[in-house]
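S.K.:
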Amino acid sequence: MTTFADLSTSPSAFDTSLVTPGDHAAPTDGTDHVDFAALGLPQPLVRALARQGITAPFEIQRATVPDALAGRDVLGRGQTGSGKTLAFGLPLLARVADGGRARPLYPRALILVPTRELAMQVNDALVPLGKAVGVFLKTAVGGVPYDRQIDALRRGVEIIVATPGRLGDLISRQVCRLDDVEITVLDEADQMADMGFLPEVTELLAKTPANAQRLLFSATLDNDVDSLVKRFMTDPVTHSTAPATAAVSTMDHHLLLIPPHDKFAVAASIAARPGRTMMFARTQLGVDRLVEQLGAVGVRAGGLHGGKTQRMRTRTLAEFREGRVNVLVATDVAARGIHVDGVSLVVHIDPPKDPKDYLHRAGRTARAGESGAVATLVLPKQRRTTLAMMEKAGVEPGQLRVRLGDPELTELTGAREPSGVPVSNEPQEPRRFGDRSSGPRRFDDRDGRSGQRFGERRFGDDRSGHRSRTDERPAYRSRTEDPRGYPVRTDDRGGYPVRTDDRGAYAGRSDDRRGFAGRTDDRRGYAGRSDDRRGLPGRTDDRRGFSGRAPARSY
80 MTTFADLSTS PSAFDTSLVT PGDHAAPTDG TDHVDFAALG LPQPLVRALA RQGITAPFEI
140 QRATVPDALA GRDVLGRGQT GSGKTLAFGL PLLARVADGG RARPLYPRAL ILVPTRELAM
200 QVNDALVPLG KAVGVFLKTA VGGVPYDRQI DALRRGVEII VATPGRLGDL ISRQVCRLDD
260 VEITVLDEAD QMADMGFLPE VTELLAKTPA NAQRLLFSAT LDNDVDSLVK RFMTDPVTHS
320 TAPATAAVST MDHHLLLIPP HDKFAVAASI AARPGRTMMF ARTQLGVDRL VEQLGAVGVR
380 AGGLHGGKTQ RMRTRTLAEF REGRVNVLVA TDVAARGIHV DGVSLVVHID PPKDPKDYLH
440 RAGRTARAGE SGAVATLVLP KQRRTTLAMM EKAGVEPGQL RVRLGDPELT ELTGAREPSG
500 VPVSNEPQEP RRFGDRSSGP RRFDDRDGRS GQRFGERRFG DDRSGHRSRT DERPAYRSRT
560 EDPRGYPVRT DDRGGYPVRT DDRGAYAGRS DDRRGFAGRT DDRRGYAGRS DDRRGLPGRT
620 DDRRGFSGRA PARSY
């Protein structure tokens, strides 16, 4: 069994001087004409990449792929948008493809990510490549039903891309085991630490074999991640393609000083610009409010934050990617989990407090060598703290005092006046328990089964779960509506046979309750009874006067 290296007395695991070009690192100077085949990847993967137009590896990929293919534990740090997904995904697919199919419930590789969006982004990038080498992937994230995830695990899946919380739930349900995991990847490990996932990640890594390979990739490597490295990684090789505080060279950073009363007007004019724009607010309420206000002035925008269901988040991202909306307003939940091509401007509506948050927000633009701009809206009282934060992030912004309509604002951001014609942004989704599709539903209405438990099918139902009935209720034959809208029925239920005691007419009964005919104690008039309760004549215990009653019993 492999023993873990004791890093407490050795140089830091993040010391990039440990890796030299002549050691285990691939060339990283960017001048060598290296293709993916030269890195040691199998030809099916190389051809699959070529079909996508990907022929030249990025720097982080050239550095890490050979070591990962050789089975080394790898620490990789690169600025956001530098190609980290393929840097760990390509060697992962190549190694898993050599080992055959996975056993049911026992994945052979694990990719842990902090957010649902990042999990889906990684999955979308690797699934086409996995098909080329016969490797199946599945996401396991919260906010979606367990059923499909469990079914995939039972059929056998080689690679599972998961968030820590959902993977822990699947393990507790005994539908996933990590005993066969050969390779574990931690993507955006620093964000998982920032979000408080470190205990869950530690517990999950402890369930994997001690001699499994581990790859850790992140935009920053700090002391919070160091505890994972010391415990779970064996003699890791470190590759760093950028300083921790490096800003993307193709970004232009601007700090826009604005009067408080102009903040929304300036934000709306920037949002009305042509091209894709991402805006960041600090809170979920701030996102929802800004989306609503932008719609009121004619700007179509989508909102993204952790309070929305996974279905709404997926739909919003799809609309942004497809260009149906040009503005995406998000909290930091989206800062590290979204890759959308063509985002030319990032706007900080609320300046972040943490330098890492600034870099990750800004990293949504200028990805993979493209150019982009980052604008931060700052009120006078926020100027000093925001400049200090940006200095820690390694950013020197251009400062400009602007007001609504200034030519400088238009020149820097492309701002223009909104149309003023209100548009509807993000129709509200019904949040009813058991609702699995759009549109209003009754409580626990599952595709027309009205509360029927999942998997149950009554006798006579067809395969879709809908019962074959002769009393088709949507027709409501022989029914009328009273003025209040309530149905008045003759109780024609569609096809029930006529009974002698048909309760719709009460025929053939002596106690016809509609007319109370043939009864001596007709309750409408209480005729013929000695205790007629309307007038109470002839009773010795007339309850109105209590006259003539025997003394109460004594006990």
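Just so we're aligned, residue 80 is where the sequence shown starts under our numbering, counting upward by one. Virtual Cβ for every residue (Gly too), placed ideally from N, Cα, C.
1. Quick one: which unbroken alpha helix (DSSP H) runs of 4-plus residues sit fully inside the stretch 236 to 281? Chain order, please.
2. Would you mind working out which of G382, M358, R361, R293 sits nearest D367, comparing C-alpha positions?
3. In terms of alpha-carbon separation, which member of N290, V304, V406 lies closest to Q270?
4. What does the alpha-carbon distance come out to for the pair P224 and A409?
5. Our contact map puts A142 next to G168 with C-beta atoms below 8 Å; I'd like the distance itself, whole angstroms only.
6. Between L284 and the rest of its own chain, which residues show a CB-CB distance below 6 Å, the 5 nearest in sequence each way excluded?
7. Name the DSSP beta bridge partners of H439, please?
8. Kindly confirm or deny that the stretch 444 to 460 and the stretch 334 to 343 touch, where touching means at least three C-beta pairs closer than 8 Å.
9. Roughly how many angstroms lie between the CA atoms of R126 and T134, to the nearest whole one?
10. Over the uninterrupted alpha helix (DSSP H) stretch that includes S348, give me the two end residues.
11. Do V453 and A441 come within 7 Å of each other at the CB atom, strictly closer than that value?
12. For A166 and F137, I'd like the C-alpha separation in whole angstroms.
13. For G132, does the count of other Cβ atoms within 10 angstroms reach 16, so buried, or fall short, so exposed?
14. Counting Cβ pairs, one atom from each stretch, are 3 or more of them under 8 Å apart for the stretch 340 to 359 and the stretch 465 to 480?
15. Does A219 come out as helix, strand or coil in the three-state DSSP assignment?
16. Taking only the alpha-carbon atoms, compute the straight-line gap between T218 and V345 and give it to the nearest angstrom.
17. Exposed or buried, S450, counting other C-beta atoms within 10 Å across all chains shown (16 or more means buried)?
18. Would you say the stretch 181 to 191 touches the stretch 148 to 159, given that touching needs at least three Cβ pairs under 8 Å?
19. Skipping 5 residues on each side, what residues in its chain have a beta carbon closer than 6 Å to that of N405?
20. Could you tell me the alpha carbon to alpha carbon distance between Y185 and L128, rounded to whole angstroms?
21. In terms of DSSP beta bridges, what is D331 paired with?
22. G365 by DSSP, collapsed to three states: which one?
23. Are the beta-carbon atoms belonging to V212 and P123 less than 7 Å from one another?
24. Measure from the C-beta of L334 to each C-beta in chain D and report whether the shortest distance is under 7 Å.
25. On the premise that V308 lies in contact with L189, defined as a C-beta separation below 8 Å, what is that separation, rounded to the nearest angstrom?
26. Using only the alpha-carbon positions, how far apart do R256 and L249 sit?
27. Would you mind listing the beta strand (DSSP E) stretches within the stretch 145 to 221 that are 3+ residues and don't spill past its ends, in chain order?
28. Could you name the residues of the same chain whose beta carbon sits closer than 6 Å to that of V220, not counting the 5 residues immediately before and after it, in chain order?
29. Answer yes or no: do A351 and P497 have a C-beta to C-beta separation smaller than 7 Å?
30. The alpha helix (DSSP H) spanning M357 covers which residue range?
31. If you drop the 5 nearest sequence neighbours on each side, which residues of the same chain put their C-beta closer than 7 Å to that of L172?
32. Tell me the DSSP secondary structure of S306 in three-state form.
33. Under 7 Å, do I139 and G119 count as touching if we go by C-beta distance?
34. Would you kindly check if the distance between the Cβ of R361 and the Cβ of D259 is under 7 Å?
35. Span of the beta strand (DSSP E) holding L407?
36. Out of A472, P278, I262, L295, which has the shortest C-alpha to C-alpha gap to P288?
M.R.: Per the coordinate set shown:
1. 243 to 251, 268 to 273
2. G382
3. V304
4. 24 Å
5. So it is not a contact: roughly 15 Å between Cβ atoms.
6. F311
7. H439 is not bridged to any residue.
8. yes
9. 9 Å
10. 342 to 350
11. yes
12. 8 Å
13. exposed
14. no
15. strand
16. 40 Å
17. exposed
18. no
19. R355
20. 28 Å
21. A452
22. helix
23. yes
24. Any reference to chain D falls outside this structure, which holds one protein chain only.
25. With a Cβ gap of about 17 Å, L189 and V308 do not count as contacting.
26. 9 Å
27. 153 to 156, 188 to 191, 216 to 219
28. R195, A198, T242, R245
29. yes
30. Element bounds for M357: not the alpha helix (DSSP H) but the beta strand (DSSP E), 355 to 359.
31. L124, L205, L208, G209, V212, V214
32. helix
33. no
34. no
35. 406 to 409
36. I262
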